[in-house]
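Enquirer: Following my numbering, the numbering of the sequence shown begins with -11 at its first residue and continues without gaps.
One structure, as structure tokens, below. Some questions next.
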Amino acid sequence: MRFLDLLAFIVSKLNWSLHAYCLMTNHYHLVLETPRLNLSSGMQRLNSGYAQWFNRRHHINGHLFRHRFYAVLVESDSHLLELSRYLALNPVRGGLCASPEDWPWSSYGASLSRTSAHPLPPGRELVYFGQAHKRTRETFRAFVEGND
């Protein structure tokens, strides 16, 4: 998908760390670490680059994204984990799928080691759930799906 390809390029080019993402039908969520003060320029590249491609492809003009991006500073590990859970459950709460694993446009499935054609690696939130590979994923799934 073009958006994820562009996101992967920008993450790499700007040395961002992408913890989690979720693409919805009319918006998207990213949980990013930006070691340099380049969030605004990166988001401008992402949004304008995708909008230009989309508009050319669909022969339309104008803005694709209605508002400027909104950013929240994550100041604790618990906040990072809650954001990861929120992103995973967003399509379920929006009525788009029955389980967060079913939504193909999220880092959640890749984090559970499902096959993913996306150019982005699974989120780094798993480091908070231990070192045993299989058990880590089970614990993360229980956390996200409320079985913790």
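We put the CB at the ideal spot given by N, CA and C, even for glycine.
Tell me the residue span of the alpha helix (DSSP H) that contains Ser28.
Expert: Leu27 to His46
Enquirer: Less than 7 Å between C-beta atoms, sequence neighbours within five positions excluded: which residues of the same chain meet that for Gly82?
Expert: Met12
Enquirer: Do you know how far the Cα of His67 is from the Cα of Leu185?
Expert: Not covered by the structure: residue 185. The range shown for the chain is -11 to 136.
Enquirer: So, is Asn14 buried or exposed, given that buried needs 16 or more other C-beta atoms within 10 angstroms?
Expert: exposed
Enquirer: By DSSP, does Asp136 sit in helix, in strand, or in coil?
Expert: Low confidence applies here, because Asp136 scores a pLDDT of 43, under 50, leaving its location unreliable; read the following figure in that light. If DSSP states are grouped into helix, strand and coil, Asp136 belongs with coil.
Enquirer: What does Cys10 pair with, by DSSP beta-bridge criteria?
Expert: His17 and Ser94
Enquirer: According to DSSP, simplified to helix, strand and coil, what is Ser72?
Expert: DSSP places Ser72 in the helix class (H, G or I) of the three-state scheme.
Enquirer: Alpha carbon to alpha carbon, how far is Ala98 from Trp91?
Expert: 11 Å
Enquirer: Can you tell me where the alpha helix (DSSP H) with Phe(-3) in it begins and where it stops?
Expert: Arg(-10) to Lys1
Enquirer: Whether or not the region -6 to 1 and the region 53 to 64 are in contact is what I'm after, with contact meaning three or more pairs of Cβ atoms, one per stretch, closer than 8 Å; do they touch?
Expert: No, the region 53 to 64 does not touch the region -6 to 1.
Enquirer: So, at 8 Å on beta carbons, what are the nonlocal neighbours of Glu63 in its own chain, with the 5 sequence-adjacent residues on each side left out?
Expert: none
Enquirer: Given this structure, state the Cα-to-Cα distance separating Leu6 from Leu20, to the nearest angstrom.
Expert: 5 Å
Enquirer: Given a threshold of 16 other Cβ atoms within 10 Å of its Cβ, counted over all protein chains shown, does Ala8 qualify as buried or as exposed?
Expert: buried
Enquirer: Suppose contacts are defined by Cβ-Cβ distances below 7 Å. Is Leu71 in contact with Pro88 by that definition?
Expert: no
Enquirer: Using the beta-carbon count (16 or more within 10 Å), is Arg73 buried or exposed?
Expert: buried
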